[in-house]
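Heads up: the sequence shown begins at 1 in full-length UniProt numbering, then just goes up one per residue.
Just so it is clear, CB atoms sit at the ideal spot from N, CA and C, and this is done for glycine as well.
Source: prediction; values computed, not measured.
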Amino acid sequence: MMERFAKLLLEEDMSGGGKGVCTALAISNAITNLSATVFGELWRLEPLAPQKKAMWCREMEWLLCVSDSIVELVPYIQQIPGGGTYEVMATQPRLDLYMNLPALKKLDAMLLSMLDGFCETEFWYVDRGIIVAEADNHDAYPLSASSGRPSIRQEEKWWLPCPKVPPNGLSEDARKRLQQCRDRTNQILKAAMAINSSVLAEMEIPTAYLETLPKNGKACLGDIIYRYITAEQFSPECLLDCLDLSSEHHTLEIANRIEAAVHVWKQKDWKNAKRSTWGGKVKGLVADTEKNQFLAIRAETLLHSLRLRFPGLPQTALDMNKIQYYKDVGQSILESYSRVMESLAFNIMARIDDVPYVDDAVKRCAAAESMALFSRGGLGGGTRAEAGKTNPSPADFEKMWSYTGNLSARKVSGDAPERD
Numbered sequence: 001m002m003e004r005f006a007k008l009l010l011e012e013d014m015s016g017g018g019k020g021v022c023t024a025l026a027i028s029n030a031i032t033n034l035s036a037t038v039f040g041e042l043w044r045l046e047p048l049a050p051q052k053k054a055m056w057c058r059e060m061e062w063l064l065c066v067s068d069s070i071v072e073l074v075p076y077i078q079q080i081p082g083g084g085t086y087e088v089m090a091t092q093p094r095l096d097l098y099m100n101l102p103a104l105k106k107l108d109a110m111l112l113s114m115l116d117g118f119c120e121t122e123f124w125y126v127d128r129g130i131i132v133a134e135a136d137n138h139d140a141y142p143l144s145a146s147s148g149r150p151s152i153r154q155e156e157k158w159w160l161p162c163p164k165v166p167p168n169g170l171s172e173d174a175r176k177r178l179q180q181c182r183d184r185t186n187q188i189l190k191a192a193m194a195i196n197s198s199v200l201a202e203m204e205i206p207t208a209y210l211e212t213l214p215k216n217g218k219a220c221l222g223d224i225i226y227r228y229i230t231a232e233q234f235s236p237e238c239l240l241d242c243l244d245l246s247s248e249h250h251t252l253e254i255a256n257r258i259e260a261a262v263h264v265w266k267q268k269d270w271k272n273a274k275r276s277t278w279g280g281k282v283k284g285l286v287a288d289t290e291k292n293q294f295l296a297i298r299a300e301t302l303l304h305s306l307r308l309r310f311p312g313l314p315q316t317a318l319d320m321n322k323i324q325y326y327k328d329v330g331q332s333i334l335e336s337y338s339r340v341m342e343s344l345a346f347n348i349m350a351r352i353d354d355v356p357y358v359d360d361a362v363k364r365c366a367a368a369e370s371m372a373l374f375s376r377g378g379l380g381g382g383t384r385a386e387a388g389k390t391n392p393s394p395a396d397f398e399k400m401w402s403y404t405g406n407l408s409a410r411k412v413s414g415d416a417p418e419r420d
């Protein structure tokens, strides 16, 4: 920890030359790195290792102690022993820290408590390499209904272990408990996202970001989006339906372009207002100002609709610039703390979602096998059923895991994607 504090004091410039980052960014990076160390390998629904849990609680307490010294002065009436009163200035915690920091600590404790609750479960995990070996040797070692190759969803995250369930699937109580945990985690996620969004909205736009913007909104948006935004009939949902939002990369790129256009038009509006104040009205100035305000509102509406359609969208270029260049230590603490809580809640939800997918696939495969045996044997054909009974073929397990992949593909956009 002495090394960590030395790095903070040197502002991450280990040469001591004073060329490091600002204090706010150094603390933000420290919280982010600590979260990656403790929660970076959250691959299973199980309690945190005692050493990691103690490390997280201890070091977060040390990093957050900086906020105890961030205060504001407020008028305070003090009584005089003789009976009179006089007004003095007293210190109290800054309002944003006083409101949000206790809430984030409570969300933190709820997530850790939820992980502690997964000590005794009906499901377990098997490394992917073991599953592949079982699938390759299915002739020598017949597979059970709860085995098979990883789902499409898990193949995208090939390093994750695969959840396994009993041959008959999870009990109703276990499914109900998982759903309750997911609902609570979703509420925690929404609270963390709300705090993070409000903190980022209060941060000033860095000059470095404004200097990188193009000179006009059309250069930001491109011909197609610009033509739709400037048209007489404008529908954000119809415009989004026409755009390529097939991948997170494309969606984030479009969000960055729309956000850049918003601030280009707002900057033009501000400059026009400044010119009208200094030099009086210029011909066409009022019309340009109204047009800029009109287009900025439309672009903000489009960006809001995009965020509603993709609530798990990563931070935009503007958000990352705010984190990098903003120098308010208190808001940097709130932003980084809420961001790591948001990421942790995302990943817990993703791990919870894995288990019902596998459970549904196993139950479907078991039901299909029962129907096949019944159709071969009939009501009185026990002997024929036994004679025709065979071990499940690899194709059966392929179907089972394909079903799991289809379930994953049909997830609604409101569900939170996994964050690393």
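Closest option to THR230, judged by alpha-carbon separation, among GLU204, LYS291, VAL71: LYS291.
At a cut-off of 4 residues, the continuous stretches assigned as alpha helix (DSSP H) that sit fully inside the stretch 280 to 368 are 285 to 309, 317 to 325.
Cβ contact annotation for THR23 (same chain, cutoff 8 Å, sequence separation greater than five): LEU8, GLU11, LYS327, VAL329, in chain order. The beta carbon of ILE70 sits closer than 8 Å to the beta carbons of PRO93, ARG94, LEU97, VAL329, GLY330 from its chain, once the five residues preceding and following it are set aside; these are given in chain order.
Annotation: LEU200 to PRO47 spans about 32 Å, alpha carbon to alpha carbon. Burial state of MET371 is exposed, judged by a 10 Å Cβ sphere holding fewer than 16 other Cβ atoms. Contact annotation: the stretch 309 to 326 does not touch the stretch 169 to 183, with fewer than three C-beta pairs closer than 8 Å.
For MET2 and LEU245, the gap between their C-alpha atoms comes out near 46 Å.
By the Cβ neighbour-count rule, LYS322 is buried, with 16 or more other Cβ atoms within 10 Å of its own. Between the stretch 61 to 80 and the stretch 292 to 311 there are fewer than three inter-stretch CB-CB distances shorter than 8 Å, so the stretches are not counted as touching. Beyond the five residues adjoining it in sequence on each side, TRP265 comes within less than 8 Å, by CB distance, of GLY217, ASN292, GLN293, LEU295, ALA296, ALA299 in the same chain, given in chain order. About 14 Å separates the beta carbon of PHE118 from that of LEU344, a gap too long to meet the 8 Å contact definition. From the listed residues THR185, LEU42, LYS164, the smallest Cα separation to LYS363 is found for LYS164.
The beta carbon of ASN196 sits closer than 7 Å to those of GLU335, SER338, ARG339, GLU342, all from its chain and outside the five residues before and after it, given in chain order.
Setting aside the 5 residues that flank it on each side, MET55 is surrounded in the same chain by VAL38, each with a C-beta closer than 7 Å to its C-beta; the list follows chain order. The beta carbon of ARG257 lies closer than 8 Å to those of CYS220, LEU221, GLY222, ILE225 in the same chain, with the five residues before and after it left out. The Cβ neighbour count for LYS19, taken over all protein chains shown within 10 Å, is under 16; the residue is labelled exposed. Under the three-state reduction of DSSP output, TRP124 falls in the strand class.
The DSSP-derived three-state label of THR85 is strand. Contact between LEU189 and MET60 is ruled out by a C-beta separation of about 19 Å, above the 8 Å threshold.
A direct Cα-Cα distance of roughly 34 Å separates GLU120 from ASN100.
Less than 8 Å separates the beta-carbon of ILE27 from that of SER332. Spanning the alpha carbons of SER375 and TYR357 requires a straight line of approximately 27 Å.
In the three-state reduction of the DSSP assignment, GLN79 falls in the strand class, which pools E and B.
The Cβ atoms of ALA191 and LEU64 do not sit closer than 8 Å to each other. DSSP, reduced to helix, strand and coil, places ALA191 within a helical segment of the structure shown.
Given a length threshold of 3 residues, the stretch 190 to 224 has no whole run of the beta strand (DSSP E) inside it. For the pair LEU160 and ASN347, the CB atoms are not nearer than the 8 Å cut-off. By the neighbour-count criterion, in which a residue is buried when 16 or more other Cβ atoms sit within 10 angstroms of its Cβ, ILE77 is exposed. Taken through DSSP and simplified to helix, strand or coil, THR230 comes out as coil. The beta carbons of ILE352 and THR185 sit closer together than 8 Å. No Cβ-Cβ contact shorter than 8 Å links GLN267 with LEU318. By the neighbour-count criterion, in which a residue is buried when 16 or more other Cβ atoms sit within 10 angstroms of its Cβ, TYR228 is buried. Around the CB of CYS238, fewer than 16 other CB atoms lie within 10 Å, so the residue is classed as exposed. The criterion of a C-beta distance shorter than 8 Å is not satisfied by ALA174 and GLU253. For LYS105, the enclosing alpha helix (DSSP H) begins and ends at 95 to 116.
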